[in-house]
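All remarks here apply to the structure that follows.
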Amino acid sequence: MVPDFLTVAEAAKLIEKKELSPVELVESRLKRIEKLDDQLHSFIRVLPEAALAAARAAESEIAAGHYKGPMHGIPIGLKDIYETKGVPTTGHSKVMQDHVPAADAFSVTKLRDAGAVVMGKLATHEFAFGGPSFDLPWPPARNPWDTTCFTGGSSSGTGASVPAGLVLCGTGSDTGGSIRGPAAYCGLAGIKPSYGLISRAGILPLAFSLDHAGPMAWTAEDCAIMLQAMAGHDPADPASANHPIPDYRKALSGDVKGLRIGLIRHFYTTDNEANAATRDAIDAAAKKFEEMGASVREITLSPLAEWAACGVLIMMSEAYAIHESNLRTRFTDYGEIFRDRMALAGLWTGADYVQALRRRRELVDELDGAMAGLDLVMTAASPTEAPKIDEVPKFAIIDRPSLTMPFNVTGSPAMSVCCGFTETGLPLSFQIVGKRFADATVLRAADAYERATPWRSRRPSL
Amino acid sequence: MTRSELDAALARLGLDVPEAERDGIAANAHYVEKMAQLVKKPRWVGAEPAHTVAFPEK
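Heads up: the protein sequence lines correspond to chains A and B, in order. Each residue of the first sequence is one higher than the one before, starting from 459 at the first, in this note's numbering. Each residue of the second sequence is one higher than the one before, starting from 797 at the first, in this note's numbering.
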């Protein structure tokens, strides 16, 4: 009997020792998907035959002594903007519902090479931006802690499916917070790695200069395992960094002694005021880091609205350019949220876009300067727990400044970490951020915090 | 932005936005204007933008 909930690390240990069959693991996830996904709508497309074939292949390889590492035989889901050879990749949109790629995305190839078993394609906001939408070919994903609540977006299917144990981990993408938002609302771990660390080749773009691909999983350790498989230079992505890839899992010492953390309180106490539960949970997390031997001091940056304006203007302008032709010829084939946000994006001028790029450079320098004497900064990932899914405003991305966008602007590694639950059982989180290409330090701090707190022992009851 | 200004802008963009959605877009256009103001700062003429991509390696 395969447990309902396993982390990647736990399953990998059992698979390596041949105490868990990848075939049985995949069969158990397929049963769970069949049982629960009518409530969650986390999958756009389940691929049972392909998954079972990959699991059988993994089992044969392992039996023959060819164990590839901790992703071997692990069931994963792919956000439906990651291209998959021969399998539709739709961006959750009518506009591309018949798009069948000829090849896998570079990062999907890397995951398959590491032995991962692709269970199917996961829900997203339309083209990683417009949602939650009820007028698309597939319904929006639902929060597994309360299915009347929003998952966050845009990696909504990954956010829903991992905590529910439908898959052990999955892919996300993050242009303004699309990994960290669902991770915060759904209580899982999600890291937006340094810009350029994971290739975006073969991933449907939202905004080229802000798009990051990344892992979402139950724990920081699982994110480290997945990041190891996905990271690497790819000449096909012009932003791909040719940077040494450290052993991320080896960096998880459980120790944060000596780490210097800057707390950006004004982002969530005045600039985008968080509710009391969120503020208290972040204060407690900062205190926990101090108890564990890190130092925490408050720092002040430019107002959050300036960071958000810079990022949103760049993101929406680049997205508009990508979709301009289809917006002109088939406007109403897009969902209402996506198309109306894009209509607003069309109002900016070329000069506005260039001014935002100039502001971006200044903001990058500002954060680099503020972090000169620090290893990490922390702040909120979201001002509240998940709202009701039918109460999310159409223009939510622009009416309150995003707490996650600053670190897309700077390309910094940034992670959402669960730090408690509300009285009604919804997850709370904080965001921890490192210097560019110090992803291992972010994972180390997040892992140490998870080990020192009880939050990873709680799963949604569905 | 007034509704007639929005209609003119959408016509210039070539976007066939349904009538029922136009008032909502016009009502939120002030966010677009505010963001454009926020990224404008007094800066030296030679202050270059962020360059975030590299040329392909060939």
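A virtual CB, placed ideally from N, CA and C, is assigned to each residue, including glycine.
Query	Result
Identified DSSP bridge partners for I661 of chain A	A:Y540
Where the beta strand (DSSP E) through K846 of chain A begins and ends	Per DSSP, K846 of chain A belongs to no beta strand (DSSP E) and is neither H nor E.
Contact residues within the stretch 809-828 of chain B, judged by C-beta distance below 8 angstroms to chain C	The displayed structure is made up of protein chains A and B, and chain C is not among them.
Contact list for D857 of chain A against chain B, beta-carbon separation under 8 angstroms	N824, Y827
K893 of chain A burial status per 10 Å Cβ neighbour count (16 or more: buried)	buried
Closer than 8 angstroms at the beta carbon, the chain A residues around P845 of chain B	V812, L815, R816, R818, R819
Terminal residues of the beta strand (DSSP E) in which V504 of chain A lies	501-504
Nearest-angstrom Cα separation, counted from A689 of chain A out to A522 of chain A	27 angstroms
Best match in A:A779, A:V484, A:R816, A:S657 for proximity to D562 of chain A [C-alpha to C-alpha]	A:S657
Span of the beta strand (DSSP E) around E417 of chain A	For residue 417 of chain A there is no data in the structure shown, the boundaries of chain A being 459 and 920.
Buried or exposed (CB count within 10 angstroms, at least 16 for buried), E815 of chain B	exposed
Partner residues on chain B for D798 of chain A, Cβ-Cβ distance less than 8 angstroms	V813, E817, G820, I821
Validate contact between the stretch 501-509 of chain A and the stretch 530-543 of chain A using beta carbons, cut 8 angstroms, 3 pairs	yes
Cβ of F789 of chain A within 7 angstroms of any chain B Cβ	yes
Any 3 or more C-beta pairs closer than 8 angstroms across the stretch 698-717 of chain A and the stretch 842-850 of chain A	no
Candidates A:I722, A:A903, A:L488, of which the one nearest L825 of chain A by Cα	A:I722
Contact check, S652 of chain A vs D833 of chain A, beta carbons under 7 angstroms	no
Boundaries (first-last residue) of the alpha helix (DSSP H) holding S887 of chain A	Element bounds for S887 of chain A: not the alpha helix (DSSP H) but the beta strand (DSSP E), 885-892.
Cα-Cα separation, L771 of chain A to V828 of chain B	8 angstroms
Validate contact between the stretch 773-793 of chain A and the stretch 661-668 of chain A using beta carbons, cut 8 angstroms, 3 pairs	yes
Under 7 angstroms between C-beta atoms of T629 of chain A and K537 of chain A	yes
Closer than 7 angstroms to chain B by CB, A767 of chain A	yes
Beta-carbon contacts of G712 of chain A that lie in its chain and below 6 angstroms, excluding the five residues immediately before and after	A906, R909
M459 of chain A burial status per 10 Å Cβ neighbour count (16 or more: buried)	exposed
Within chain B, the residues that E805 of chain A reaches when beta carbons sit closer than 7 angstroms	As written in the sequence, residue 805 of chain A is Leu, which differs from the Glu given in the question. Simply A805, A825, V828.
Given Y922 of chain A as reference, the closest of A:H524, A:A803, A:T758, A:Q889 once Cα atoms are compared	No statement about residue 922 of chain A is possible, as the shown extent of chain A runs from 459 to 920 and does not include it.
beta-carbon Q813 of chain A near the ligand COA non-hydrogen atom, thresh 6 angstroms	The ligand COA is not part of this structure, which contains no ligands at all.
Cutoff 7 angstroms: F853 of chain A Cβ touching any chain B Cβ	yes
Sequence-distant residues of the same chain with beta carbon closer than 6 angstroms to R718 of chain A, five excluded per side	S753, L832, D833
Chain A residues whose Cβ lies nearer than 7 angstroms to that of V841 of chain B	Per Cβ cutoff of 7 angstroms: no residues; V841 of chain B is ~11 angstroms from chain A at best.
Span of the alpha helix (DSSP H) around S800 of chain B	799-809
Through-space distance from L580 of chain A to V558 of chain A, alpha-carbon basis	15 angstroms
6 angstroms Cβ shell around R503 of chain A - same chain, five flanking residues per side excluded	G578, K579
Boundaries of the alpha helix (DSSP H) in which M873 of chain A is found, first to last residue	Taken as a continuous stretch (DSSP letters only), M873 of chain A belongs to no alpha helix (DSSP H), being part of the beta strand (DSSP E) at 872-879.
Start and end residues, beta strand (DSSP E) containing G578 of chain A	575-580
Short CB-CB distance (under 7 angstroms) between L646 of chain A and chain B	no
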